[in-house]
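Below: the structure, in structure tokens.
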Amino acid sequence: GDDAGPQPAAAAQAKAFLADWAGGRFDSAGTRTTNPTRAQEVLRSFTAGLDISKPRLTAGPAENADDGIVQVPFTAKMPVTELGTWTYRSQLPVRKQKNGTWKVDWSLGVVHPHLSDTAKFRLERADTARPKVTDRNGTSLTGDAYPSLQPVLSQLAGGASGPSGAIRLVDRATGEVEGTETTFGKANRAASDKPAATTLDATWQAAADKAMAEKADGKNAALVVMRVDNGEILALSNSPVSGFNRAMSGTYAPGSTFKIVTSSALLMKNAVAPDDTVDCPKYLTVGKEFHNVETSSFPNATFRKDFTESCNTAFISLRGKLGDTELGDAARKYFGIGQNWHVGIPSYDGSVPRPKDETEKAASMIGQGRIQANPLIMASVTATAASGRFHQPTIVPGAKDTTSTTPLPRSVVDQLRTLMRATVTEGTAHVLSDLPGAIGAKTGTAEVSESEPNNGWLVAQRGNVAVACVVEQGVTGGGSAGPILHSLLSAVPQNPS
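If you want it as structure tokens, here you go:
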């Protein structure tokens, strides 16, 4: 009778048809219909003609309809290449055949309710001419010439100029548009002829991309080059070049490069002076065992030696000199970390949370625990240490600035400069010592997990330029980021821009 629920075999056939269609098995999908040849042709041309990749087709509950037909509603989510997803609903009528099997009762309406003998769909792509993006000197920046900029060029061009388009219903005979099914992207505004200006410098950008391509060794890596006097970003580079902008949106423990901030907090309070003896044992246990890279030790070391050799245990032993919030306060107040930066494109602004226990406080002293940064933030830290004043990093001229910071005391800036210079001449950043110009630097090695190799960091400053580089699983900063920054700094004359 009519009271019986829909046939499970009917629903199963409908779902199998949808699975075949979604999987691109059009021949198999066709055999589940009353008109296999036509069904195969239509499914193939519909999917290819509208640039649909990997449809997601979801069946709803089957319902009995008139004439012994079972109706199976479905939702279609159709990803249209580069434009977005077109979502619509339709139904599959399933009918029992003379031989007892169930088949989808084929018509064009099976594919989409508006598809018919007189009307078909057409995909229109708008001309996505983007406004040109230029560097600080008006040089055009393209993704072809500067592959590392590909992820950010569309953001720099104003974001609104991404791909756009529409699916139209048109008359099969005349091609006349009968309606619009869906639109993608922003309204097709004409791309402005006025180029989008940036603070980038084509010379630095080319050198950064070249250094990254030749020296990153195929590893995931990122770097940022910034002006010391005003925070303007001169270059950013990512390896691999496509996809995620690690340089500005990545989240990494900064490791020992963060000792610039830790040292500032200590020096500001006169909690330590460069010539004070701060012992550097191989190991130090604070809830867990901390050690130095390659478990080195320097008995009776001065604080200066602890900085230049990047001694973790010495820094951790000074944790009692800072209150629980003092490191985070210094990071925010003097270095702008964790404040809301308006760089001009999306960025992550860093985090130095209050440690939840003594072990985490120990880890925080050496840029680990829950501290998070990226090359953008660490280039900024390096610039602030050099100039004594935080300048919000920007990649677009005239970006708004809502940050509020305090200048570092002059004496602290002088001490940091001496410590960072000594790290190059006699410490862990020796890889940069043969380059001209008084370079100051700090290496970093950040533990990721027990099982993975450490990330390598290096920050450096020369004249009006600050740079920061991270290499994922690079093990040591000097060994992994060192060759990248050496290549970069040797390629560009000392003080361009």
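Going by this note's numbering, the first residue of the sequence shown is number 108, and it counts up by one from there. Idealized CB from N, CA, C, for every residue including glycine. Everything numeric in this text was worked out from a predicted model, so none of it was measured.
Exercise. Grouping DSSP H, G and I as helix and E and B as strand, with all else coil, what is Asn295?
Worked result: Position 188 of the sequence shown, counted from the start, is the residue given in the question as residue 295. Confidence at Asn295 is low in this model, with a pLDDT of 44, below 50, so its placement is unreliable and the value that follows should be read with caution. Three-state DSSP puts Asn295 in coil, outside helix and strand.
Problem set entry | Of the listed residues Val450, Phe410 and Thr290, nearest to Gln499 (C-alpha basis) | The sequence position of residue 499 within the sequence shown is 392, counting from 1. The candidate whose alpha carbon is nearest that of Gln499 is Val450.
Problem set entry | Neighbour-count burial assignment, Tyr455, 16 or more Cβ in a 10 Å radius | Counting from 1 along the sequence shown, the entry for residue 455 is found at position 348. With 16 or more Cβ atoms within 10 Å of its Cβ, Tyr455 is classed as buried.
Problem set entry | Spatial neighbours of Glu321 in its chain, beta-carbon cut-off 8 Å, leaving aside the 5 residues before and after | Working through the sequence shown from its first residue, we reach residue 321 at position 214. Cβ within range, chain order: Ser594.
Exercise. Out of curiosity, what's the CA-to-CA distance linking Asp436 and Ser363?
Worked result: Residue numbering aside, residue 436 sits at position 329 when the sequence shown is read from its first letter. Residue numbering aside, residue 363 sits at position 256 when the sequence shown is read from its first letter. Computed Cα separation, rounded: 18 Å.
Exercise. With 16 as the cutoff for other CB atoms within 10 Å, does Phe124 come out buried or exposed?
Worked result: Residue numbering aside, residue 124 sits at position 17 when the sequence shown is read from its first letter. The residue in question, Phe124, is buried, as its Cβ has 16 or more Cβ neighbours within 10 Å.
Exercise. In chain order, what residues of the same chain have a beta carbon less than 8 Å from the beta carbon of Thr144, not counting five sequence neighbours either side?
Worked result: Mapped onto the sequence shown, residue 144 falls at position 37. Cβ within range, chain order: Gly137.
Problem set entry | Beta-bridge pairing of Ala575 - partner residues as DSSP gives them | Counting from 1 along the sequence shown, the entry for residue 575 is found at position 468. In the DSSP output, where bridge partners are listed per residue, Ala575 has Val331 and Val566.
Exercise. Which word fits Glu465, buried or exposed, when buried means at least 16 other C-beta atoms lie within 10 angstroms of its C-beta?
Worked result: Taking the first residue of the sequence shown as 1, we reach residue 465 at position 358. Glu465 comes out exposed.
Exercise. Considering only residues of the same chain and omitting the five flanking positions on each side of Ala328, which have a CB-CB separation below 6 Å?
Worked result: Locating residue 328 in the sequence shown gives position 221, counting from the first residue. So the qualifying residues of the chain are Ser346 and Val578.
For this session: Please look up how many angstroms separate the CB atoms of Ser487 and Gly338, rounded, as I've assumed it's under 8 Å.
Result: Against the sequence shown, residue 487 aligns to sequence position 380. Against the sequence shown, residue 338 aligns to sequence position 231. Indeed they touch by this definition, with Cβ atoms about 7 Å apart.
Problem set entry | Range covered by the alpha helix (DSSP H) that runs through Pro115 | The residue given as residue 115 occupies position 8 in the sequence shown. Here the alpha helix (DSSP H) through Pro115 covers Pro115 to Ala129.
Problem set entry | Delimiting residues of the alpha helix (DSSP H) encompassing Gln312 | The sequence position of residue 312 within the sequence shown is 205, counting from 1. Where Gln312 is concerned, the enclosing alpha helix (DSSP H) stretches over Ala309 to Lys322.
Exercise. Can you find at least 3 beta carbon pairs, one from the stretch 502–518 and one from the stretch 437–449, that sit closer than 8 Å?
Worked result: yes
Exercise. If you compare alpha carbons, which of Tyr253, Arg353 and Met185 is closest to Cys576?
Worked result: Here residue 576 refers to the residue found at position 469 when the sequence shown is read from its first residue. Measuring from the Cα of Cys576, the nearest candidate turns out to be Arg353.
Problem set entry | Residue of Leu260, Thr530, Arg496 and His537 minimising C-alpha distance to Val519 | Translated into the one-based positions of the sequence shown, residue 519 becomes position 412. That would be Arg496, whose Cα lies nearest to the Cα of Val519.
Problem set entry | Val599 to Val400 span [Cα, whole Å] | Taking the sequence shown and counting its residues from 1, the one referred to as residue 599 is at position 492. Taking the sequence shown and counting its residues from 1, the one referred to as residue 400 is at position 293. Computed Cα separation, rounded: 31 Å.
Exercise. Under 7 Å, do Ala129 and Leu164 count as touching if we go by C-beta distance?
Worked result: The residue labelled residue 129 in the question sits at position 22 within the sequence shown. The residue labelled residue 164 in the question sits at position 57 within the sequence shown. Contact: yes.
Exercise. Three-state secondary structure (DSSP) at Thr78?
Worked result: With the chain covering 108 to 604 only, the question about residue 78 has no answer from this structure.
For this session: Give the secondary structure of Asp278 by DSSP, where H, G and I count as helix, E and B as strand, and everything else as coil.
Result: As a working mapping, residue 278 is identified with position 171 in the sequence shown. DSSP places Asp278 in strand when its eight states are reduced to three.
For this session: Whole angstroms is fine: what's the gap from Asn206's alpha carbon to Thr188's?
Result: Locating residue 206 in the sequence shown gives position 99, counting from the first residue. Locating residue 188 in the sequence shown gives position 81, counting from the first residue. Looking at the two C-alpha atoms, the distance is approximately 41 Å.
Exercise. Straight-line CA distance for Val538 to Ala233?
Worked result: For the purposes of this step, residue 538 is identified with residue 431 of the sequence shown, where counting begins at 1. For the purposes of this step, residue 233 is identified with residue 126 of the sequence shown, where counting begins at 1. Whole-angstrom Cα-Cα distance: 51 Å.
For this session: Would you identify the three-state DSSP class for Pro302, choosing helix, strand or coil?
Result: Counting from one through the sequence shown, the residue named residue 302 turns up at place 195. The answer is coil: DSSP assigns Pro302 none of H, G, I, E or B.
For this session: Whole angstroms is fine: what's the gap from Gly585's alpha carbon to Asp541's?
Result: Numbered from 1 along the sequence shown, position 478 holds the residue referred to as residue 585. Numbered from 1 along the sequence shown, position 434 holds the residue referred to as residue 541. One C-alpha to the other measures close to 14 Å.
Exercise. Alpha carbon to alpha carbon, what distance is there between Ile423 and Leu307?
Worked result: Position 200 of the sequence shown, counting from 1, holds the residue named residue 307. Position 316 of the sequence shown, counting from 1, holds the residue named residue 423. Approximately 38 Å, taken between the alpha carbons.
Exercise. Should Glu148 be labelled buried (16 or more other beta-carbon atoms within 10 Å of its own) or exposed?
Worked result: The residue you call residue 148 lines up with position 41 of the sequence shown. Glu148 comes out exposed.
For this session: Kindly indicate which three-state DSSP category Phe153 falls into: helix, strand or coil?
Result: Within the sequence shown, the letter at position 46 stands for residue 153. Of the three classes helix, strand and coil, the one that applies to Phe153 here is helix, per DSSP.
Problem set entry | Local conformation of Lys428 per DSSP, three classes | As a position in the sequence shown, residue 428 is number 321, starting the count at 1. It is helical.
Exercise. Roughly how many whole angstroms lie between the Cα atoms of Arg569 and Ala360?
Worked result: By one-based count along the sequence shown, residue 569 stands at place 462. By one-based count along the sequence shown, residue 360 stands at place 253. Approximately 24 Å, taken between the alpha carbons.
Problem set entry | Residue environment, Val217, which counts as buried when at least 16 other CB atoms sit within 10 Å | On the sequence shown, residue 217 is found 110 positions in, with the first residue counted as 1. Buried, because 16 or more other Cβ atoms sit within 10 Å of the Cβ of Val217.
Problem set entry | Endpoints, alpha helix (DSSP H) assigned at Glu467 | Taking the first residue of the sequence shown as 1, we reach residue 467 at position 360. Counting along the chain, the alpha helix (DSSP H) containing Glu467 begins and ends at Glu465 to Met472.
Exercise. Since Gln178 is in the beta strand (DSSP E), which residue starts that stretch and which ends it?
Worked result: By 1-based counting over the sequence shown, the position of residue 178 is 71. Val177 to Val187 is the span of the beta strand (DSSP E), which, as asked, contains Gln178.
Exercise. With a Cβ-Cβ cutoff of 7 Å, do Leu256 and Ala303 count as a contact?
Worked result: What you label residue 256 is simply residue 149 of the sequence shown in a count that begins at 1. What you label residue 303 is simply residue 196 of the sequence shown in a count that begins at 1. No. Outside cutoff.
For this session: Identify, in the order they occur along the chain, each residue of the same chain with its Cβ nearer than 8 Å to the Cβ of Gly357, setting aside the five sequence neighbours on each side.
Result: For this step, residue 357 is matched to residue 250 along the sequence shown. For Gly357, where only same-chain residues beyond five positions count, the Cβ hits under 8 Å are Ala329, Phe351, Tyr455, Asn481, Pro482 and Val577.
For this session: Can you tell me which of the three DSSP states Ala545 falls into?
Result: Within the sequence shown, residue 545 is the residue found at index 438, counting from 1. In the structure shown, Ala545 sits in coil (DSSP, three-state: anything other than H, G, I, E or B).
Exercise. Which of helix, strand or coil does DSSP assign to Glu554?
Worked result: By 1-based counting over the sequence shown, the position of residue 554 is 447. Glu554: coil per DSSP, three-state reduction.
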